[in-house]
Amino acid sequence: MDKKILTLVITEGPYRHQYADIAYEMAESALRKGYGVKIFLYMDGTHIPKRNQAPQSFPNTAERFRTLLKDGAEIISCIRCSTARGHTCSEDPYIRGVQIKSMYELAEWIKKSHKVITLGC
Numbered sequence: 001m002d003k004k005i006l007t008l009v010i011t012e013g014p015y016r017h018q019y020a021d022i023a024y025e026m027a028e029s030a031l032r033k034g035y036g037v038k039i040f041l042y043m044d045g046t047h048i049p050k051r052n053q054a055p056q057s058f059p060n061t062a063e064r065f066r067t068l069l070k071d072g073a074e075i076i077s078c079i080r081c082s083t084a085r086g087h088t089c090s091e092d093p094y095i096r097g098v099q100i101k102s103m104y105e106l107a108e109w110i111k112k113s114h115k116v117i118t119l120g121c
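Take the sequence shown: its position 99, counting from 1, is numbered 99 in the UniProt record's numbering, and each next residue is one higher.
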């Protein structure tokens, strides 16, 4: 039997809304239940895995998503959105394991997913 796949699309960045935190909790739960988890970061969601975040009053979103990667999740950041926000200007903008690819990858993920959930405005 094939592993069920949950794809999450996140369009909002960390610390302004709770979407990143909600996505983290959903992904963590799905991984524990044996699902494959794929996370596509779109628009301001591309800020989530930015390296060297230092929030004072919130959990560090990049570190939480690093845990998801370690546990087997796949994370892609939209190349156009990442470029528009300056994240592709530096050599290593994201935590290790985050890939920067196009929307075509999201289309492929959606075809193979059992559930697709979009979080954001």
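From the three backbone atoms N, C-alpha and C, an ideal C-beta is built for every residue, glycine too. Here the structure is a predicted model, which means the values were calculated and not measured.
Residues bridged to G36 [DSSP beta-bridge criterion]: Translated into the one-based positions of the sequence shown, residue 36 becomes position 36. Partner(s): I5.
Residues near P49 by beta carbon distance below 6 Å, same chain, minus five either side: Taking the sequence shown and counting its residues from 1, the one referred to as residue 49 is at position 49. Cβ within range, chain order: A62, F65, Y94, I95, V98.
Inter-residue CB distance, G120 and Y19 (contact presumed, cutoff 8 Å): Position 120 of the sequence shown holds residue 120. Position 19 of the sequence shown holds residue 19. Going by Cβ atoms, the distance from G120 to Y19 rounds to 5 Å, so yes, they are a contact pair.
Inter-residue Cα distance where the pair is E12 and K111: The residue you call residue 12 lines up with position 12 of the sequence shown. The residue you call residue 111 lines up with position 111 of the sequence shown. Their backbone Cα atoms lie some 23 Å apart in a straight line.
Sub-8 Å separation of T67 and F40 beta-carbons: Walking along the sequence shown from the start, residue 67 turns up at place 67. Walking along the sequence shown from the start, residue 40 turns up at place 40. Contact flag unset, no.
Distance between E74 and A30 (C-alpha atoms, nearest Å): The residue given as residue 30 occupies position 30 in the sequence shown. The residue given as residue 74 occupies position 74 in the sequence shown. About 13 Å.
Rounded C-alpha distance that separates W109 from S57: Residue mapping note: residue 109 aligns to position 109 of the sequence shown, counting from 1. Residue mapping note: residue 57 aligns to position 57 of the sequence shown, counting from 1. Straight-line Cα distance between these residues: approximately 34 Å.
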